[in-house]
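**Q** Take 10 as the starting number for the sequence shown in the working numbering and just add one per residue. All C-beta atoms in this analysis are idealised placements derived from N, C-alpha and C, irrespective of residue type, glycine included.
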Amino acid sequence: MKQHLVEFVHIRVHDGQEEEFLASRPGAVADVAAAVPGFISAPVIAKGDDGLWTDVWIYDSLEQAEAANAKATDLPGFTRMAAVSDVVSVDMTWMPVG
10 MKQHLVEFVH
20 IRVHDGQEEE
30 FLASRPGAVA
40 DVAAAVPGFI
50 SAPVIAKGDD
60 GLWTDVWIYD
70 SLEQAEAANA
80 KATDLPGFTR
90 MAAVSDVVSV
100 DMTWMPVG
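And the structure:
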């Protein structure tokens, strides 16, 4: 069975920076899409009651997710988003593709 790796990235946005955070996300997604073969999509971002944002990123494999994370500091859109936020945790799981 074919599967995709799904990252659930839990993020705390710096005070007063949510507008910038959300405005920078499309550039981060576009940069990853251009730089990482096997990136599928980043279909959802949502804010929880605890104030943390959960950003969902989907890849063909663990290797592509790791490549995206390794290249993140070299991607301007991604560094713009990272400048106003801190990653609290990352959960990874597998999603069946049917």
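Going by Cα to Cα distance, which pick from Phe-17, Arg-21, Gln-26, Ala-37 is closest to Thr-82?
**A** Nearest of Phe-17, Arg-21, Gln-26, Ala-37 to Thr-82, Cα basis: Ala-37.
**Q** For Ser-70, which three-state DSSP category applies?
**A** Coil, per DSSP.
**Q** Tell me the residue span of the beta strand (DSSP E) that contains Ala-55.
**A** Where Ala-55 is concerned, the enclosing beta strand (DSSP E) stretches over 48 to 56.
**Q** Starting from Val-106, trace the beta strand (DSSP E) both ways and give me its first and last residue.
**A** Here Val-106 belongs to no beta strand (DSSP E), and DSSP marks it neither H nor E.
**Q** If distances are taken between C-alpha atoms only, which option among Met-10, Glu-16, Lys-11 comes closest to Val-8?
**A** Any answer about residue 8 is impossible in this case: the structure gives the chain only from 10 up to 107.
**Q** So Gly-107 and Ser-33 are supposed to be a Cβ contact under 8 Å. How far apart are they, rounded?
**A** That pair is no contact at about 33 Å.
**Q** What three-state label does DSSP hand Val-38 in the structure shown?
**A** Here Val-38 sits in helix by DSSP.
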